[in-house]
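Q:
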Amino acid sequence: MKSNMARGNLILIEGLDRSGKTTQTTRLVETLQRKGKEVELIKFPDRTTPIGRLINAYLVDKSFQLSDQSAHLLFSANRWELAEQIKQKLENGTNIILDRYVYSGIAYTAAKGLDFQWCKNCDIGLPKPDLIIFLNLINNETRSGFGDERYEIKSFQEKVKTQFELFFNEQNWHTIVVDHQTIEQVEDKVWKLVFPLVDHETTTPIDLFK
1 MKSNMARGNL ILIEGLDRSG KTTQTTRLVE TLQRKGKEVE LIKFPDRTTP
51 IGRLINAYLV DKSFQLSDQS AHLLFSANRW ELAEQIKQKL ENGTNIILDR
101 YVYSGIAYTA AKGLDFQWCK NCDIGLPKPD LIIFLNLINN ETRSGFGDER
151 YEIKSFQEKV KTQFELFFNE QNWHTIVVDH QTIEQVEDKV WKLVFPLVDH
201 ETTTPIDLFK
């Protein structure tokens, strides 16, 4: 892609389970659409792909046994399935909103005790977001409504949060504390971070994880 061509922005919303990611990504897409922006929402894992269907079986069926290494590689492979599609859409001017991505993959596996750097290595070369927003729920006791999937356990979510905190100084990373905030208040904070990015043409090449 030529550096003087405008492209779409890659915007990621991360967070623990029940922190409001799906609500905020959906609302952000709707806002961008109302403002006439080309936009697409991608959720990871994408359970519609061949690898995604295998991941879905692993998440919902706790009798489905995989080594932690195998599971991590599957989640990474799911992201790689869509890597070229993401690049092409960005180059064609579409803004892409991600609900979970590389950071979730690393945090969830490292929370099981696997080497942090090994977890990162699998995603080297994937498109890197222009903006990362982490929805941080500080008081775990206020989080409710967990489902029945493999990782939807409060004690494990605390371990995941500890791994996420290792990213807090990453470039383009912003944390929003969602405790005692309404959906609308969080939405407003998200938009204040997103607006400066989408209000101007992005001409820099797509960054990659290194």
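Mapping the sequence shown onto the UniProt record's numbering, position 67 (from 1) lands on 67, and the numbers just tick up by one. Cβ atoms here follow ideal geometry from the backbone N, Cα and C, with glycine treated the same way.
1. For a quick check, are the C-beta atoms of residue 215 and D179 less than 8 Å apart?
2. Can you list, in chain order, the residues of its chain whose CB lies under 7 Å from that of residue 224, leaving out five sequence neighbours each side?
3. Go ahead and pull the three-state DSSP assignment for M5.
4. Which whole-angstrom value describes the C-beta separation of I55 and L74, a residue pair presumed to lie in contact below a C-beta threshold of 8 Å?
5. Drop a sphere of 10 angstroms on the beta-carbon of residue 211, count the other beta-carbons inside from all chains shown, and report buried for 16 or more, exposed for fewer.
6. Once DSSP output is grouped into helix, strand and coil, what is the label at T203?
7. Can you say whether Q163 is buried or exposed, counting buried as having 16 or more other CB atoms within 10 angstroms of its CB?
8. Find out if the Cβ-Cβ distance for the pair A111, V60 is shorter than 8 Å.
9. Which full runs of the alpha helix (DSSP H) of 4+ residues lie inside the region 110 to 136, going along the chain?
10. Are the beta-carbon atoms of E38 and I132 separated by less than 8 Å?
11. Counting only the same chain and skipping the five closest in sequence on each side, list residues whose C-beta sits under 8 Å from that of T49.
12. Beta carbon of I138, beta carbon of V190: below 8 Å?
13. Since T175 and F134 are thought to touch, with beta carbons under 8 Å apart, how far apart are those beta carbons, to the nearest angstrom?
14. Only counting the same chain, and skipping five residues up and downstream in sequence, which positions put a Cβ closer than 7 Å to that of I87?
15. What's the gap between the Cα of Q202 and the Cα of S19?
16. Quick one, which of G93, N92 and N121 has its alpha-carbon nearest I106's?
17. On the CB-based measure, 16 or more other CB atoms within 10 Å of its CB, does A71 come out buried or exposed?
18. From K35, S76 and K21, pick the residue whose C-alpha is nearest to that of G52; which is it?
A: So, from the data block:
1. For the chain, the structure presents residues 1 to 210; residue 215 sits outside this window and is missing.
2. An answer regarding residue 224 cannot be provided, because it is not within the stretch 1 to 210 covered by the chain.
3. coil
4. 6 Å
5. As shown, the chain starts at 1 and ends at 210. That puts residue 211 outside it, with no answer to give.
6. coil
7. buried
8. no
9. 116 to 121
10. no
11. N78, E81 and L82
12. no
13. 5 Å
14. Sequence inspection shows Lys at residue 87; the Ile mentioned does not correspond to that position. Result list for K87: P127 and I206, in chain order.
15. In the sequence on display, residue 202 carries Thr and not Gln. If you take the alpha carbons of T202 and S19, they lie about 29 Å apart.
16. N121
17. buried
18. S76
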